[in-house]
DNA sequence: TATTGTTATACTCTATAACTATA
DNA sequence: TATAGTTATAGAGTATAACAATA
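This is the structure:
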């Protein structure tokens, strides 16, 4: 069946394209983040802290080990971007909360990432409208 | 202008979606590659060696420092996947060339990456056809 | 003198295991 | 006994700088 061959060839092309887009997306992100003088992991944490978040939950969101969140929290506090605050209902839990400056950085960072993204620079309105549902489907669980 | 606001909101959504797709694509790749018992950087090198390639050129393709290619080449040789061969026209240059086994691994790896990709598992034929030109536009230079 | 690859070294990102305080 | 966070340590991935061989 040539059908199977054709589908395999298509999937080669697509997976290779998607991989290259992935590389470019990461490079874009790294470049923006560097202009903010932030390491990439710290910037990821800032963007994930729209709401005050228990450290454990942040680890889940970042898909990393909780011990790594300790290092991130230390770094965020050193930079004055976030603070560990107490959870009134469970004294084991520390809730990570952006400071005023952290929230401001987060807003500017999110805007810069969006503005500088390849998606914004390379796709017109129609393309972007077409892309969104496709990306959503790629994230379906 | 509300138009500007709407476009910014769209670009927030899209850049966040694209970032999450990026994370997923990398996780997919890492999972496939682990099933081949290869470190991710070695697998990337194997996939980049469709043609015998001078080490310097491979560094460019992988966007890494040439000294890192030395380590990759050592690892590839240890695994019997590639060999350094001489360039007849310039004795400074070493051309990295997949062995028979390396080429076989490369074929199986490319097929597994394509087959296991989120794109293949989540998108139907129509979606894939729509996605391809969008990804190509994202890679335009 | 400029370029290719190598070596030695150091830095960033991240996980594992053992620990402490609390539940 | 189980869970949240911490500490110490180790490992993967990668760059920088100095170097040897060749151009």
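Chains as they are written, first to last, in my numbering: chain A, 1 to 141; chain B, 1 to 141.
The beta carbon of each residue, even a glycine, is placed where N, CA and C say it ideally should be.
Residue from 84(A), 124(A) and 108(A) whose Cα sits closest to the Cα of residue 35(A): For the purposes of this step, residue 35(A) is taken as residue 35 along the first chain, with counting starting at 1. Residue 108(A) is the option with its Cα nearest to residue 35(A).
Residue 85(A) classed as buried or exposed, judged by whether at least 16 other C-beta atoms fall within 10 angstroms: As a first step, residue 85(A) is located in the first chain; it is residue number 85 there, counting from the start. Under this definition residue 85(A) is an exposed residue.
On the CB-based measure, 16 or more other CB atoms within 10 Å of its CB, does residue 92(B) come out buried or exposed? Your numbering for residue 92(B) matches position 92 in the second chain. Result: exposed.
Check whether the Cβ atoms of residue 129(B) and residue 18(A) sit closer than 7 Å, and answer yes or no. One-based indexing of the second chain puts residue 129(B) at position 129. One-based indexing of the first chain puts residue 18(A) at position 18. The Cβ atoms of residue 129(B) and residue 18(A) do not sit closer than 7 Å to each other.
Let's see if you can read the secondary structure: which residues bound the beta strand (DSSP E) around residue 85(B)? The count along the second chain starts at 1 and reaches residue 85(B) at position 85. Residue 85(B) -> beta strand (DSSP E) spans 82-86.
Residue 14(A): contacting residues in chain B (beta-carbon distance under 8 Å): Stepping through the first chain from its first residue, residue 14(A) is reached at position 14. Simply 114, 117, 119, 120, 128, 131, 132 and 135.
Chain A contacts made by the segment 64-82 of chain B, where a contact means CB separation under 9 Å: none
Pick out whichever of 54(A), 116(A), 33(A) and 74(A) has its Cα sitting closest to the Cα of residue 88(A). In the first chain, counting from the first residue as 1, residue 88(A) sits at position 88. Among 54(A), 116(A), 33(A) and 74(A), the Cα nearest to that of residue 88(A) belongs to 54(A).
With a cut-off of 8 Å on the beta carbons, I'd call residue 43(B) and residue 58(B) a contact; round off their distance for me. In the second chain, the residue the question calls residue 43(B) occupies position 43. In the second chain, the residue the question calls residue 58(B) occupies position 58. The beta-carbon separation of residue 43(B) and residue 58(B), rounded to 14 Å, does not stay under the 8 Å limit for a contact.
Does residue 46(B) have its Cβ less than 7 Å from a Cβ in chain A? Within the second chain, numbered from 1, the residue matching residue 46(B) stands at position 46. Taking Cβ atoms only, chain A never reaches closer than 7 Å to residue 46(B), which makes this a no.
Could you give the distance in angstroms between the alpha-carbon of residue 8(B) and the alpha-carbon of residue 112(A)? In the second chain, the residue the question calls residue 8(B) occupies position 8. In the first chain, the residue the question calls residue 112(A) occupies position 112. One C-alpha to the other measures close to 10 Å.
Run through chain B and tell me which residues come within less than 8 Å of residue 29(A), C-beta to C-beta. The sequence position of residue 29(A) within the first chain is 29, counting from 1. Those within 8 Å of residue 29(A) in chain B are 19.
For residue 24(A), return the contacting residues in chain B, with the cut-off set at a CB-CB distance below 8 Å. The residue labelled residue 24(A) in the question sits at position 24 within the first chain. Simply 138 and 139.
Identified DSSP bridge partners for residue 54(B): Here residue 54(B) is taken as the residue at index 54 of the second chain, counted from 1. Per DSSP, 95(B).
Determine whether the beta carbon atoms of residue 139(A) and residue 115(B) lie at a separation below 7 Å. Numbered from its first residue, the first chain carries residue 139(A) at position 139. Numbered from its first residue, the second chain carries residue 115(B) at position 115. Taking 7 Å as the Cβ cut-off, residue 139(A) and residue 115(B) do not qualify as a contacting pair.
Go ahead and label residue 30(B) buried or exposed: buried means 16 or more other beta carbons lie within 10 angstroms of its beta carbon, across all protein chains shown. Position 30 of the second chain, counted from the first residue, corresponds to residue 30(B). Residue 30(B) counts as exposed, since fewer than 16 other beta carbons sit within 10 angstroms of its beta carbon.
What residue does the alpha helix (DSSP H) around residue 41(A) start on, and which one ends it? The residue labelled residue 41(A) in the question sits at position 41 within the first chain. Counting along the chain, the alpha helix (DSSP H) containing residue 41(A) begins and ends at 40-48.
Assuming residue 96(A) and residue 49(A) are in contact, meaning their beta carbons sit under 8 Å apart, how far apart are those beta carbons, in whole angstroms? Taking the first chain and counting its residues from 1, the one referred to as residue 96(A) is at position 96. Taking the first chain and counting its residues from 1, the one referred to as residue 49(A) is at position 49. Sure, about 6 Å apart at Cβ, within 8 Å.
Can you give the Cα-Cα distance for residue 132(B) and residue 12(A), rounded to whole angstroms? As a position in the second chain, residue 132(B) is number 132, starting the count at 1. As a position in the first chain, residue 12(A) is number 12, starting the count at 1. Taking the straight line from one Cα to the other gives about 11 Å.
Take residue 37(A) as the anchor and find which of 100(A), 6(A), 81(A) and 66(A) has the nearest alpha-carbon. For the purposes of this step, residue 37(A) is identified with residue 37 of the first chain, where counting begins at 1. Checked all of 100(A), 6(A), 81(A) and 66(A); the closest Cα to residue 37(A) is 81(A).
Which residues bound the alpha helix (DSSP H) around residue 127(A)? Residue mapping note: residue 127(A) aligns to position 127 of the first chain, counting from 1. Run containing residue 127(A): 125-139, per the alpha helix (DSSP H) assignment.
Cβ shell of residue 123(B) (< 7 Å), same chain only, five flanking positions each side left out: Taking the second chain and counting its residues from 1, one reaches residue 123(B) at position 123. The residues are 131.
Straight-line gap, residue 98(A) to residue 56(A) (C-alpha atoms, nearest Å): Within the first chain, numbered from 1, the residue matching residue 98(A) stands at position 98. Within the first chain, numbered from 1, the residue matching residue 56(A) stands at position 56. Whole-angstrom Cα-Cα distance: 16 Å.
Since residue 72(B) and residue 41(B) should fall inside the 8 Å C-beta cutoff, what is the C-beta to C-beta distance between them, to a whole number of angstroms? As a working note, residue 72(B) is residue 72 in the second chain. As a working note, residue 41(B) is residue 41 in the second chain. Confirmed, Cβ separation roughly 6 Å.
Closer than 7 Å, CB to CB, is residue 35(B) near chain A or not? What you label residue 35(B) is simply residue 35 of the second chain in a count that begins at 1. Chain A contact via Cβ: absent.
Quick one: using the 10 Å Cβ neighbour count with 16 as the cut-off for buried, is residue 117(B) buried or exposed? The residue you call residue 117(B) lines up with position 117 of the second chain. When all chains shown are included, residue 117(B) counts as buried.
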